[in-house]
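Peer 1:
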Amino acid sequence: AQKVTQAQTEISVVEKEDVTLDCVYETRDTTYYLFWYKQPPSGELVFLIRRNSFDEQNEISGRYSWNFQKSTSSFNFTITASQVVDSAVYFCALSDFSNDYKLSFGAGTTVTVRA
Amino acid sequence: GAVVSQHPSRVICKSGTSVKIECRSLDFQATTMFWYRQFPKKSLMLMATSNEGSKATYEQGVEKDKFLINHASLTLSTLTVTSAHPEDSSFYICSAEGRGNNEQFFGPGTRLTVL
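Next comes the structure, spelled out in structure tokens:
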């Protein structure tokens, strides 16, 4: 069963536009962790954020922000004022007790930022 | 800190040969290491989990005789693709987790091409 759904396959924006990536997860556990990773064309996964299920505070880090809503099981990611260097595949992932805290990745969203 | 390396970064081999990929945690002891496979434009698929000094646990559908995993020390795990065939061509990514951490640090990946 798909535990992490990233409904957007590809998003294309012009530089300086904001872009929001959706992530919906599914778990019956009360303790779990959510992640976002960036995978640029080089292939290396870049860790962006980890959030535990007990911390629903939204977070901002520079141009990145995350909106965690337990009520809708969503953990959305927004890039503000996008830049060409933001072009990459972005993965949302879930780690929960029922899966021995192994990572379940979403299908990924390819973001293309055009100059 | 928390650096994970993989070697080689890229390998091309002939069909029928075996290929070994190394994954090292450079500045921490990795009690658990994970091996993922990623097809082009697809998500990461967990192949197996290995704990130092014990046999790896393979995910359903992964051939353990085809993908040999050894986790001989707290800083090194190896994945050997035996008798490789063109369909084994893929991007292989390892990750390492420290003791009681529940956080995985990813290596840069190895691109395998089997001719």
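Order-wise, the sequence lines are chains H and U.
Residue numbers for the first sequence follow our numbering, beginning at 4 and rising by one.
Residue numbers for the second sequence follow our numbering, beginning at 3 and rising by one.
Built from N, CA and C at the ideal position, the CB exists for glycine as well.
Nothing here was measured: the structure is a model prediction, and the numbers come from that model.
#1: Where are the alpha helix (DSSP H) runs, 4 residues long or more, that stay fully inside the segment 61-97 of chain U, in chain order?
#2: With DSSP run on the structure shown, which of helix, strand or coil describes Asp99(H)?
#3: Please look up how many angstroms separate the CB atoms of Phe108(U) and Ser97(U), rounded, as I've assumed it's under 8 Å.
#4: Between which two residues does the beta strand (DSSP E) harbouring Phe30(U) extend?
#5: Any chance the CB of Cys95(H) is under 7 Å from a heavy atom of the ligand GTP?
#6: How about Lys41(H): is its C-beta nearer than 8 Å to some C-beta of chain U?
#7: Would you mind working out which of Cys25(U), Val21(U) and Lys16(U) sits nearest Gln8(U), comparing C-alpha positions?
#8: Consult DSSP for Lys73(H) and reduce its assignment to one of helix, strand or coil.
#9: Using a Cβ-Cβ distance under 8 Å, would Phe71(H) count as near chain U?
#10: Whose C-alpha, out of Phe41(U), Gln62(U) and Thr51(U), is nearest the C-alpha of Ser151(U)?
#11: Where Lys118(U) and Met49(U) are concerned, what is the direct C-alpha to C-alpha distance, given to the nearest angstrom?
#12: Where does Leu97(H) land, buried or exposed, given buried means 16+ other C-beta within 10 angstroms?
#13: Give the straight-line distance between the Cα atoms of Lys22(U) and Leu81(U), rounded to the nearest whole angstrom.
#14: What does Arg53(H) touch in chain U if you count any residue whose Cβ is under 7 Å from its own?
#15: With 16 other CB atoms within 10 Å as the buried threshold, where does Phe73(U) fall?
#16: Can you tell me which residues form a DSSP beta bridge with Gly26(H)?
#17: Just confirm the distance between the C-beta atoms of Lys6(H) and Tyr28(H), as a whole number of angstroms; I'd bet it's less than 8 Å.
#18: Applying a beta-carbon distance threshold of less than 7 Å, which residues of chain U neighbour Ala10(H)?
#19: Find the residues of chain U that neighbour Glu47(H), judging by a C-beta separation of less than 9 Å, and give them in chain order.
#20: Can the beta-carbon of Ser101(H) be found closer than 8 Å to that of Asp32(H)?
#21: Identify the contact partners of Ser45(U) in chain H, using a Cβ-Cβ distance below 8 Å as the criterion.
#22: Exposed or buried, which one is Gly18(U) when buried takes at least 16 other CB atoms within 10 Å?
#23: Label Ile14(U) either buried or exposed according to how many other C-beta atoms from any shown protein chain fall within 10 Å of its C-beta, with 16 as the threshold for buried.
Peer 2: In terms of the structure at hand:
#1: Listed in chain order, there is nothing to give.
#2: In the first sequence, the residue the question calls residue 99(H) occupies position 96. Strand at Asp99(H).
#3: Counting from one through the second sequence, the residue named residue 108(U) turns up at place 106. Counting from one through the second sequence, the residue named residue 97(U) turns up at place 95. That belief holds up - the Cβ atoms of Phe108(U) and Ser97(U) are roughly 5 Å apart, short of 8 Å.
#4: Residue numbering aside, residue 30(U) sits at position 28 when the second sequence is read from its first letter. Per DSSP, Phe30(U) belongs to no beta strand (DSSP E) and is neither H nor E.
#5: Annotation note on the ligand GTP: not contained in the displayed structure, which lists no ligands.
#6: Your numbering for residue 41(H) matches position 38 in the first sequence. Put simply, the CB of Lys41(H) is far from chain U, with every gap to its CB atoms at 8 Å or more.
#7: For the purposes of this step, residue 8(U) is taken as the residue at position 6 of the second sequence. Taking only the C-alpha atoms, the option nearest Gln8(U) is Cys25(U).
#8: Taking the first residue of the first sequence as position 1, residue 73(H) is located at position 70. Three-state DSSP puts Lys73(H) in a helix.
#9: Here residue 71(H) is taken as the residue at index 68 of the first sequence, counted from 1. No, no contact with chain U.
#10: Lying before the first or after the last residue shown, residue 151(U) is absent from chain U, which here runs from 3 to 117.
#11: Residue coverage of chain U in this structure runs from 3 to 117, which leaves residue 118(U) outside it and unanswerable.
#12: As a first step, residue 97(H) must be located in the first sequence, where it is residue number 94. Buried.
#13: For this step, residue 22(U) is matched to residue 20 along the second sequence. For this step, residue 81(U) is matched to residue 79 along the second sequence. Near 6 Å, if we compare the C-alpha coordinates of Leu81(U) and Lys22(U).
#14: Position 50 of the first sequence holds residue 53(H). Near Arg53(H) (Cβ distances below 7 Å), the residues of chain U are Glu105.
#15: Working through the second sequence from its first residue, we reach residue 73(U) at position 71. The sequence shown places His at residue 73(U), rather than the Phe named in the question. With 16 or more neighbouring CB atoms inside 10 Å of its own CB, His73(U) falls in the buried class.
#16: Position 23 of the first sequence, counted from the start, is the residue given in the question as residue 26(H). The question names Gly, but residue 26(H) is Cys in the sequence shown. Assignment of beta-bridge partners to Cys26(H) by DSSP yields no partner.
#17: Along the first sequence, one-based indexing puts residue 6(H) at 3. Along the first sequence, one-based indexing puts residue 28(H) at 25. 6 Å between Cβ atoms; contact.
#18: As a working note, residue 10(H) is residue 7 in the first sequence. Those do not exist, as Ala10(H) stays about 14 Å from chain U at its closest Cβ, beyond 7 Å.
#19: For the purposes of this step, residue 47(H) is taken as the residue at position 44 of the first sequence. Contact of Glu47(H) with chain U by beta-carbon distance below 9 Å involves Ile95, Phe108, Gly109, Pro110 and Gly111.
#20: The count along the first sequence starts at 1 and reaches residue 101(H) at position 98. The count along the first sequence starts at 1 and reaches residue 32(H) at position 29. Result yes, Cβ atoms of Ser101(H) and Asp32(H) sit closer than 8 Å.
#21: Translated into the one-based positions of the second sequence, residue 45(U) becomes position 43. Under the 8 Å cutoff, chain H gives Phe94, Phe108, Gly109, Ala110 and Gly111.
#22: For this step, residue 18(U) is matched to residue 16 along the second sequence. Per the 10 Å Cβ criterion, exposed.
#23: Looking up residue 14(U) in the second sequence gives position 12. That one is exposed.
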